[in-house]
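In the numbering used here, the protein residues as written are -3 to 249.
Set out below in structure tokens:
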């Protein structure tokens, strides 16, 4: 008797992350569940369109591709719970390597003073934040307030967390990073003041809960979900930035 097909299996099927035997079981399940099959086919279409766009020379994507990205963006909402389960499963695997003390899923912030050195993308995030502040001071550098997360996803393959409604995007820039493209979004974040949200894809899969790193002129709370890396940088209080980062980490859509 085979194990029941779960949402995790469907995600792994779309991502090509299951073995042949389990793939056959998933396909048998989809053959008898038209609604699930339709959702999986839509996800596969969006995935393949993204792969195609990243393999070609950069150009303005066709409207069909943008619509597919927006469908994927909306479709990921119903999979948020499964993504949290995937994150929990990865952390449980790390427990065997002695990471239990750093694997408090969703329960709080790990202080970088008790953690390993921040990953390399945190340095990229800090430099991008400093550049964004410099741009804001220069009258010759107009801010790009237009913000379309679906277009960003299509053009760069980088998914942006859904921002709170009371946050006002002031500038959106694509920056080079050590692993390819990165996105820097300057935001007027209500009581937090001006903050920067950094997002990039990194080559090494990892799961990192929101963790604070303190620098001379700013504080950064960084986190990683799979190969998606994020950092929120600003000068507000530790608690306020930490809480904002935790909320963003739960809104990856």
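Think of the CB as a built atom: it goes at the ideal place given N, C-alpha and C, for glycine as much as any other residue. Since the model is a prediction, treat every value here as computed from it, not as a measurement.
Annotation: residue 155 is outside any alpha helix (DSSP H) and is labelled neither H nor E by DSSP.
Around the beta carbon of residue 235, fewer than 16 other beta carbons sit within 10 angstroms, so the residue counts as exposed. Cβ neighbours of residue 1 within its own chain (closer than 7 angstroms, five residues either side excluded): 21, 22 and 25. Just measuring C-alpha positions, the residue of 149, 146, 247 and 7 sitting nearest residue 159 is 247. In the three-state reduction of the DSSP assignment, residue 180 falls in the strand class.
Rounded to the nearest angstrom, the gap between the Cα atoms of residue 27 and residue 42 is 20 angstroms. For residue 14, there is no enclosing alpha helix (DSSP H), as DSSP marks it with neither H nor E.
Within the same chain, Cβ atoms closer than 8 angstroms to the Cβ of residue 215 are found at 208, 209, 229, 230, 231, 232, 234 and 237, the five residues on either side in sequence being excluded.
With respect to residue 170, residue 62 sits apart: the two C-beta atoms are not nearer than 8 angstroms. For residue 195, the enclosing beta strand (DSSP E) begins and ends at 190 to 210.
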